[in-house]
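A quick write-up on the structure given underneath.
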């Protein structure tokens, strides 16, 4: 559950101002999760879901919510589905 709630912030880390280039979401996700000692195996999946479902703007906005539970609750059904699919 913790990883599921951490992925939105990891994917939309402050170092990411734009997700226009392939690999940026996954790279930011991996860097953030590895720095926290967490499993980053779902990052490529999350990037694919963000791009396939046009969720970049939403994930950037979710990064502004500090509380992980509030962040997850604020996510759309599509964003939650992406997080759930990619979380191990």
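Residue numbers (our numbering): 1386 to 1473.
Just so you know, even glycine gets a beta-carbon here, dropped at the ideal spot from N, CA and C.
All values reported here derive from a predicted model rather than from experimental measurement.
Would you give the residue range spanned by the alpha helix (DSSP H) that residue i belongs to?
i            : result
residue 1439 : No alpha helix (DSSP H) contains residue 1439, which DSSP labels as neither H nor E.
residue 1469 : 1462–1471
residue 1454 : 1453–1459
Can you give the beta carbon distance from residue i to residue j, rounded, assuming they're within the 8 Å contact cut?
i            : j            : result
residue 1447 : residue 1433 : At roughly 18 Å, the Cβ-Cβ gap does not stay under 8 Å, so residue 1447 and residue 1433 are not in contact.
Near residue i, what residues of its chain come up, given a Cβ to Cβ distance below 8 Å and the 5 sequence neighbours on each side ignored?
i            : result
residue 1408 : 1432
residue 1470 : 1430 and 1434
Would you call the CB atoms of residue i and residue j closer than 8 Å?
i            : j            : result
residue 1415 : residue 1428 : yes
residue 1419 : residue 1425 : yes
For residue i, which residues from the same chain have a beta carbon less than 7 Å from its beta carbon, with the 5 sequence-adjacent residues on both sides left out?
i            : result
residue 1467 : 1431, 1434, 1435, 1438 and 1440
Go through its chain and collect everything with a Cβ distance to residue i's Cβ below 6 Å, but skip five positions before and after it.
i            : result
residue 1477 : The first residue shown for the chain is 1386 and the last is 1473, placing residue 1477 beyond what the model contains.
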